[in-house]
Structure formats: structure tokens, C-alpha cells
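When the letters of the sequence shown are read in order and numbered with my numbering, they come out as residues 124 to 454. A short worksheet on the structure shown next.
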Amino acid sequence: MRVAVVGAGSWGTAVAVLAARAAETTLWARRDDLARAIDGGENTDYLPGFALPEALRCTSDLEEAVAGADVLVMGVPSHGFRSVLREAAPFMRPGIPVVSLSKGIEQDTLQMMTEVVTEETDAPPHRVGVLTGPNLAKEIMAGQPAASVIAVQDQWEAERLQSLFMAPTFRVYTNPDVRGCESAGALKNVMALASGMAHGLGYGDNSKAALITRALAELTRLGVALGGQALTYAGLAGMGDLVATCFSTQSRNRTVGVALGEGEALQSIVDRMQMVAEGVKTTKAVLALAHRNGIEMPIAEMVGGVLDGAEPIKMVTSLMGRAARSEVEGS
């Protein structure tokens with residue numbers, strides 16, 4: 124088996140390392156200098172200090188990476204996903220499975236990345252899926268025990284990909300609910316911004332626990348309206364990823380939220396960050412989907428208000444002042 128991983132950020136590189144244990148794997152980096160560094164054994168930009176296996180090859184030539192591959196893994200952020208995939212499509216073998224690592228929503232179309240894949244390539248929809256879960260790249264690279272979900276409709280394909288990514292310290296589960304797993308990954312980033320704001324405002328564990336619990340309720344409501352299965356949001360793709368992203372200091376979205384809560388301007392935060400915080404770009408799309416489907420998402424609305432310039436403390440006051448509801452029936 125030959126695997127192409129397109130996108131040499133921290134998570135794309137970590138997944139390429141996992142794949143390289145079981146298959147011939149080539150990683151694509153946009154820049155020549157980064158490709159050379161990775162070929163030399165280290166992703167100096169995104170995973171400095173971690174040695175990469177000699178078996179992993181890296182190139183900045185997209186055709187070289189993709190041509191002849193039996194599996195295509197897309198590790199490109201949502202805002203650049205379609206354009207890179209469109210470049211790669213002419214080099215793809217017909218009918219190969221495509222796995223997305225992106226946890227975002229396309230701004231203009233409000234589409235998930237698997238939908239973009241089926242539009243831009245001839246990959247069979249039942250062989251297009253996602254690898255998602257509470258997967259912080261540095262911990263994976265350090266060999267700490269972790270778990271993830273490979274969501275593909277085709278069971279045979281899911282089990283083949285499960286074997287590809289499975290490692291002694293990386294446990295992979297299968298799930299046919301592609302829509303649920305993918306939407307959970309995108310929606311939780313918005314909630315991580317809110318969790319970071321709570322920390323930046325100095326709130327304690329009671330506040331954060333309440334926020335995360337209600338955040339799970341919000342993303343489950345919208346996710347089910349989008350076609351996901353409710354049980355999926357209680358699993359690794361939902362609750363697991365939400366907890367990791369909301370609490371970890373490695374989470375880019377939480378980091379942005381903390382700075383917002385401390386009073387820093389959004390543009391200042393974005394300018395100094397090397398990597399993309401998907402939640403910043405995803406929030407408007409999430410709110411648009413919520414409005415389209417008639418779903419109330421007060422926490423996401425609060426995040427959207429802050430991203431538009433409102434003071435976090437005022438948005439929290441507004442959120443807490445909402446009318447009393449039933450936990451199981453209200454929002």
C-alpha cells in the first residue's frame with residue numbers, strides 16, 4: 124500500500140508518521156524548505172524536537188506525492204482544502220479512498236470537507252471519510268496512549284484504514300457515521316474558543332464544566348440536524364475531542380479564546396499565531412448552519428459576538444441571563 128498525506132502541519136505530519144509504520148508514505152509540504160527539513164528527519168516548523176522515521180518521505184511536488192497512491196489523506200485546513208484538492212485531483216488514481224483530517228466548514232458553501240471531496244474528485248462517497256478524535260499531535264508523537272475514530276461508510280475500507288493507522292499507543296475505532304464524526308470535529312472548535320474565554324476571564328472549574336456540558340448539548344443538537352447520530356457525539360469524535368480541545372494548553376482554539384478573554388484583540392492574536400485556529404473561521408459557518416436548521420446555539424452565538432468585537436464579560440452576562448429552561452427539553 125502507498126499512502127499520500129497532503130499537508131505537513133503538526134497533525135498531518137503525525138498521521139504520516141503513523142501511516143509510515145505500516146505502508147510506504149509520502150508527505151506533501153507546500154514549501155521546499157520545509158519538505159527538505161522533514162526529509163532530513165524533523166518538521167522544524169510544526170513539530171520541532173521530534174525525530175521522524177527514515178521511512179517517511181516528504182516532497183513539495185504534489186504530483187510526486189499523490190500519483191500512484193492507494194490512500195489519500197488530506198491534512199489541509201478548511202479554507203485551503205478545496206484549492207489544494209483540486210490541484211491534486213488529476214494525479215489521483217480512480218476510486219481511491221480519501222481521508223480528511225480537517226476540522227472545519229467551508230465558509231462560502233457551508234460544506235464539510237467530505238462533501239468537498241465528492242464534488243472535486245471521483246472518489247466513491249462510501250470510501251470518503253475522516254480520522255478524528257482527541258488527538259493532540261505532540262502527545263501522539265511522544266507516544267502517549269491515545270484513541271481516535273476512522274469514520275467511513277464502507278466497513279471493509281474502514282477496517283483497512285483502521286489497520287493502517289493503528290499503533291501500539293494509538294488505538295483506532297471504526298464508525299460508519301461520517302456526518303456525525305465530521306460535524307463534531309468542526310463544531311467543537313467553536314466551543315473551545317468559549318472555554319478559552321472562560322479561562323481568560325478567570326473562571327474556575329464549575330464554570331468550565333457547565334460550559335463544556337452545555338456546549339456538548341449544542342453541538343449534538345446541530346449535528347443531529349445535519350444528519351449525524353446522537354450517540355456519536357458522546358464518543359471520541361464528540362465528547363472526547365471536545366474535552367481535549369477545551370482543556371489542553373496545546374489547543375490553538377482554546378489559546379485564542381484565552382487571549383480574547385484576557386482582552387487582546389482578535390487580529391493581534393491571529394497575527395502572532397503560526398498555525399490556523401479553525402474555530403475562528405468556522406464560527407460564522409456554524410451559526411449560519413444553526414440558523415438554517417432552526418437550532419438555538421447560545422454559546423456559539425456568544426463566541427460569534429466576541430469575534431465581532433463584543434466584550435467577553437458582557438456576552439457571558441447575556442448568556443447567563445437567558446430564561447430558565449429544562450435541561451432535557453430546553454436549550
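Idealized CB from N, CA, C, for every residue including glycine. Keep in mind the model is a prediction, meaning the values are calculated, not measured.
- Can you round the beta-carbon distance between P291 and G363 to whole angstroms, since I take them to be within the 8 Å contact cut? So it is not a contact: roughly 20 Å between Cβ atoms.
- By the 10 Å Cβ neighbour count, where 16 or more other Cβ atoms means buried, how is E186 classified, buried or exposed? exposed
- Message: Just list the residues that DSSP pairs E147 with in beta bridges.
- Response: R125
- Assess, as a yes-or-no matter, whether the stretch 396 to 411 is touched by the stretch 214 to 233 under the definition of 3 or more beta carbon pairs within less than 8 Å. yes
- Please classify V140: is it buried, with 16 or more other beta-carbons within 10 angstroms of its beta-carbon, or exposed? buried
- Return the CA-CA distance between Q361 and A211, expressed in angstroms with no decimal places. Position check: residue 361 holds Gly in this sequence, whereas Gln was assumed. Approximately 30 Å between the Cα atoms of the pair.
- Item | Exposure of G432, with buried meaning 16 or more beta-carbon neighbours within 10 Å | exposed
- Task: Could you tell me which uninterrupted beta strand (DSSP E) segments, each at least 3 residues in length, are contained entirely in the stretch 221 to 249, listed from first to last along the chain?
- Result: 221 to 223
- Go through the stretch 166 to 227 residue by residue and report every complete run of the beta strand (DSSP E) that reaches 3 residues or more, in order. 180 to 182, 194 to 197, 221 to 223
- Task: Would you mind sorting S374 into buried or exposed? The rule is 16 or more other CB atoms within 10 Å of its CB.
- Result: buried
- Per the contact definition of three or more C-beta pairs closer than 8 Å, is the stretch 284 to 301 in contact with the stretch 321 to 328? no
- Item | Close Cβ partners of D184 (< 7 Å) along its chain, the five nearest in sequence each way excluded | none
- Query: CB G218 to CB V129, shorter than 8 Å?
  - Reply: no
- Would the C-beta of S318 count as close to the ligand PLP, meaning under 7 Å from any of its heavy atoms? The model depicted lacks the ligand PLP and carries no ligand whatsoever.
- Query: Is the CB-CB distance between A137 and A260 below 8 Å?
  - Reply: yes
- So, are the CB atoms of M314 and I392 less than 8 Å apart? no
- Task: Kindly provide the ranges of any alpha helix (DSSP H) runs that are 4 or more residues long and lie completely inside the stretch 252 to 293, ordered along the chain.
- Result: 260 to 264, 278 to 288
- Task: Determine the direct distance from the alpha carbon of E147 to that of V426, and round the result to whole angstroms.
- Result: 42 Å
- Take R209 as the anchor and find which of T182, V189, L383, T372 has the nearest alpha-carbon. V189
- Item | Beta-carbon spacing of A274, V253 below 8 Å | yes
- Item | Simplified DSSP state of V451, which is helix, strand or coil | coil
- Message: Is the separation between the beta-carbon of K311 and that of L365 shorter than 8 Å?
- Response: yes
- Query: How would you call T149, buried or exposed, if buried means at least 16 neighbouring beta carbons within 10 angstroms?
  - Reply: buried
- Message: Using DSSP's beta-bridge definition, name the partner residues of Y296.
- Response: V272
- With a 10 Å radius around its C-beta and 16 neighbouring C-beta atoms as the bar for buried, classify N416 as buried or exposed. exposed
- How many Å lie between V221 and G132 at the Cα? 18 Å
- Going by alpha carbons, who is nearest to T355 out of V126, T255, F204? T255
- Message: To the nearest angstrom, how far is the alpha carbon of E280 from that of A142?
- Response: 15 Å
- Complete runs of the alpha helix (DSSP H) confined to the stretch 382 to 433 [at least 4 residues]: 389 to 395, 401 to 416, 421 to 430
- Message: One question on the structure: do G386 and A321 come within less than 8 Å of each other, judged by their Cβ atoms?
- Response: no
- Message: Helix, strand or coil, according to DSSP, for R153 in the structure here?
- Response: coil
- Task: Kindly indicate which three-state DSSP category R302 falls into: helix, strand or coil?
- Result: helix
- Does DSSP put T354 in a helix, in a strand, or in coil? Looking at the sequence shown, residue 354 is not Thr but Leu. Correct three-state label for L354: helix.
- Round the Cβ separation of S306 and L339 to the nearest angstrom and send it over; I've been treating them as touching at under 8 Å. Not a contact, Cβ separation roughly 13 Å.
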